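Top to bottom, those sequences are chains A and B.
Just so we're aligned: 103 in the numbering used here is position 100 of the first sequence, and the numbers increase by one with no gaps anywhere.
Just so we're aligned: 36 in the numbering used here is position 33 of the second sequence, and the numbers increase by one with no gaps anywhere.
2 protein chains.
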Amino acid sequence: MNAIQDVILASPLYTGQVSLNENIYSMAKNKRHVDKEQKAEEIELAAMELFIDVGFDDSSMAMIARSANVAPNTLYWYFKNKDDLLIAVLNRLVNASMKLYPSMMTKPLTEQTLWLLHQFKQTKGLISTVHTRVEHSPSIATWHDNFHRMIEMLLTAQLTINGIQKDKIPFVASALTFVVEGLLSHEHTEHEEQEMINWVLRTQ
Amino acid sequence: MNAIQDVILASPLYTGQVSLNENIYSMAKNKRHVDKEQKAEEIELAAMELFIDVGFDDSSMAMIARSANVAPNTLYWYFKNKDDLLIAVLNRLVNASMKLYPSMMTKPLTEQTLWLLHQFKQTKGLISTVHTRVEHSPSIATWHDNFHRMIEMLLTAQLTINGIQKDKIPFVASALTFVVEGLLSHEHTEHEEQEMINWVLRTQ
DNA sequence: TTACGTCTTGAATGGCATTCAAGACAAGCA
DNA sequence: TGCTTGTCTTGAATGCCATTCAAGACGTAA
């Protein structure tokens with residue numbers, strides 16, 4: 004239906020894992036890499052559960068390791084540090100939502116936005132975590148940039164389809180993003196959320 | 004001119020320090036409390052500078068103590084923990100801005116909002132810090148609640164003066180808040196900021 | 001059997017917020 | 001004057017934390 008969506012959904016960041024081993028060429032001897040990706044996945048799933056349940060700061064590497072049945076320092080063979088593990092988890096979460104998104108694409112934009120809001124609600128805490136760590140970790144910073152670039156493209160495409168006045172689109176897209184982020188960090192009733200999004204999307 | 008503002012500006016949270024020693028009655032013997040408030044102020048100022056310059060997470064209690072010329076554990080005689088020190092600093096910052104606010108009250112709302120945005124820009128990092136720590140610390144959570152209550156009252160008053168349609172006011176107030184928070188966590192040009200705020204405030 | 005990458009781990013290391021116990025200091029009273 | 005009592009201050013723990021190091025186990029390929 005529209006090409007932009009396909010581009011987004013096919014972008015390397017969101018097609019699932021960005022391959023952990025880029026050196027497939029030089030990899031010749033002693034490859035056991037099948038297990039490696041499996042184990043990495045186990046670790047990511049353990050981390051994901053903890054990050055969602057108790058938050059990033061309160062999930063120690065030791066807890067994650069225990070939950071994945073490995074020694075704490077084993078995590079560092081698979082991930083450079085805790086921030087890199089966070090990125091893997093974030094990609095997994097975004098990817099999961101984006102896999103479901105196509106089925107929402109034809110629905111009204113208000114409904115789509117509300118759906119996105121609910122998708123990210125389980126990961127509420129991780130949003131401020133990302134914002135906090137953007138200043139520490141360059142890799143989190145670029146992840147954050149890419150994420151917002153993707154959201155902006157997605158919304159721009161949808162707002163265009165919905166016939167929003169062209170020169171207003173950047174504002175509406177930013178406002179929608181900020182309002183969703185705001186609704187994620189501050190408690191509101193379902194009804195308020197809906198009214199809020201409707202208000203942003205009201206055609207002038 | 005309008006009573007609501009006065010109420011806000013006189014509210015205990017924002018009239019400067021909430022007195023550190025509530026037990027003035029029982030305090031009789033051995034009082035040296037004059038120095039105490041002075042020393043507390045020195046610590047708060049040292050903490051404020053560090054929180055703004057290097058952020059909350061990267062300001063260790065040891066650094067703050069060194070900067071205030073005391074031993075690290077001395078901080079715990081004045082503040083229950085690092086979160087309580089953060090609250091003292093936040094109150095100081097909000098108080099400083101609110102002292103300046105009355106001179107902006109008569110200006111157009113767009114200008115007021117832009118001014119608020121710039122006031123809080125120096126404390127950018129502390130916003131996500133607060134959002135992160137809301138889940139850990141009940142005292143940060145209530146501070147955050149009170150802060151938003153105050154902002155909501157302030158904006159509601161101003162939007163009423165500006166003749167915004169009554170039933171739309173809650174949405175505009177929330178949207179303005181979220182957009183300011185968004186602009187604080189995501190880099191934008193001055194021009195984009197202005198356009199963004201104008202867009203939210205456009206009368207329908 | 002040897003050699004060499006892949007993977008795992010126990011045991012550091014250095015940092016952190018916070019607590020503890022001991023004492024210094026000042027004021028009020030005898 | 002000395003004694004007591006509360007106000008402050010601090011060196012030295014404590015128990016976490018993320019991360020690193022060095023040693024070795026395990027599989028594969030020659």
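Cβ coordinates follow ideal geometry from the N, Cα and C atoms, glycine included.
Values in this document were obtained by computation on a predicted structure and should not be read as measured data.
By DSSP, does Ile167 (chain B) sit in helix, in strand, or in coil? coil
Check whether the stretch 179-186 of chain B and the stretch 151-165 of chain B touch, using three or more Cβ-Cβ pairs below 8 Å as the test. Taking 8 Å as the limit for Cβ pairs, the verdict is that the stretch 151-165 of chain B does touch the stretch 179-186 of chain B.
Using beta-carbon positions only, say whether Thr135 (chain A) and Thr135 (chain B) come within less than 8 Å of one another. yes
Classify Gln125 (chain A) as helix, strand or coil using the three-state DSSP reduction. coil
Please list the residues of the stretch 166-177 of chain B that have a C-beta atom closer than 9 Å to any C-beta atom in chain A, keeping them in chain order. Lys171, Pro173, Phe174, Val175, Ser177
Nonlocal neighbours in the same chain, by C-beta distance under 7 Å from Gln176 (chain B), ignoring five residues either side: Before going further, note that residue 176 (chain B) is Ala rather than Gln in the sequence given. Within the same chain, Glu155, Leu158, Thr159, Leu162 come within 7 Å of Ala176 (chain B) by CB-CB distance, once the 5 residues on both sides are set aside.
If we ignore side chains and look at the alpha-carbon of each, how far apart do Val97 (chain A) and Met153 (chain A) end up? 11 Å
Give me the Cα-Cα distance between Leu53 (chain A) and Ala91 (chain A), rounded to the nearest whole angstrom. 14 Å
Just the chain A side, please: which residues come within less than 7 Å of Phe123 (chain B) by C-beta, in chain order? In chain order: nothing, as chain A lies at least about 14 Å away.
Leu187 (chain A) burial status per 10 Å Cβ neighbour count (16 or more: buried): That one is buried.
Of the listed residues B:Asn165, B:Glu195, B:Met51, B:Ile164, nearest to Ala99 (chain B) (C-alpha basis): B:Met51
Would DSSP call Glu25 (chain A) helix, strand or coil? Model confidence at Glu25 (chain A) stands at a pLDDT of 38, short of 50, so the residue's coordinates are unreliable; what they give is reported in the following sentence. Here Glu25 (chain A) sits in coil by DSSP.
Along the chain, which unbroken stretches of the alpha helix (DSSP H) at least 4 residues long are found entirely within the stretch 48-75 of chain A? Complete alpha helix (DSSP H) runs here, min 4: 64-70.
Leaving out the 5 sequence neighbours to the left and right, which residues in its chain are closer than 7 Å to Ala68 (chain A) when beta-carbon positions are compared? Ala74, Pro75, Thr77, Leu78
What does the alpha-carbon distance come out to for the pair Met199 (chain A) and Asp56 (chain B)? 35 Å
Residue-chain proximity (Ser188 (chain A), chain B), Cβ-Cβ < 8 Å: yes
Same chain, Cβ closer than 6 Å to Ala65 (chain A), neighbours up to 5 away in sequence not counted: Pro75.
Nearest-angstrom Cα separation, counted from Asp60 (chain B) out to Ala71 (chain A): 28 Å
Which of the three DSSP states is assigned to Arg95 (chain A) in this structure? The answer is helix: DSSP assigns Arg95 (chain A) an H, G or I state.
Rank B:Glu45, B:Lys124, B:Ser131 by C-alpha distance to the C-alpha of Tyr81 (chain B) and give the top, closest one. B:Glu45
Alpha carbon to alpha carbon, what distance is there between Leu204 (chain B) and Asn210 (chain B)? Residue 210 (chain B) cannot be examined here, being either before or after the span of chain B that is shown, 4 to 207.
Residues in its own chain within less than 8 Å of Asn201 (chain A) by CB, not counting five upstream and five downstream? Thr113
In angstroms, rounded to a whole number, what distance separates the CA positions of Leu103 (chain B) and Gly128 (chain A)? 33 Å
Beta carbons nearer than 7 Å to chain B: which residues of the stretch 135-146 of chain A have them? Thr135, Glu138
Should Phe150 (chain B) be flagged as near chain A, meaning a C-beta pair shorter than 8 Å? no
Verify whether the separation of the beta carbon atoms of Ser142 (chain A) and Asp87 (chain A) is less than 8 Å. yes
In or out: His184 (chain A) buried (at least 16 other Cβ within 10 Å) or exposed? As written in the sequence, residue 184 (chain A) is Glu, which differs from the His given in the question. Label assigned to Glu184 (chain A): buried.
Helix, strand or coil: how does DSSP classify Phe181 (chain A) here? helix
Helix, strand or coil for Thr206 (chain A), going by three-state DSSP, please let me know. coil
Using three-state DSSP, classify Ser140 (chain B) as helix, strand or coil. coil
Among the residues of its own chain, which have a CB less than 6 Å from the CB of Val137 (chain A), if the five just before and after it don't count? Excluding positions up to five away in sequence, the list reads Ile143, Ala144, His147.
For Lys85 (chain A), does the count of other Cβ atoms within 10 angstroms reach 16, so buried, or fall short, so exposed? With a threshold of 16 other beta carbon atoms within 10 Å, Lys85 (chain A) meets it and is buried.
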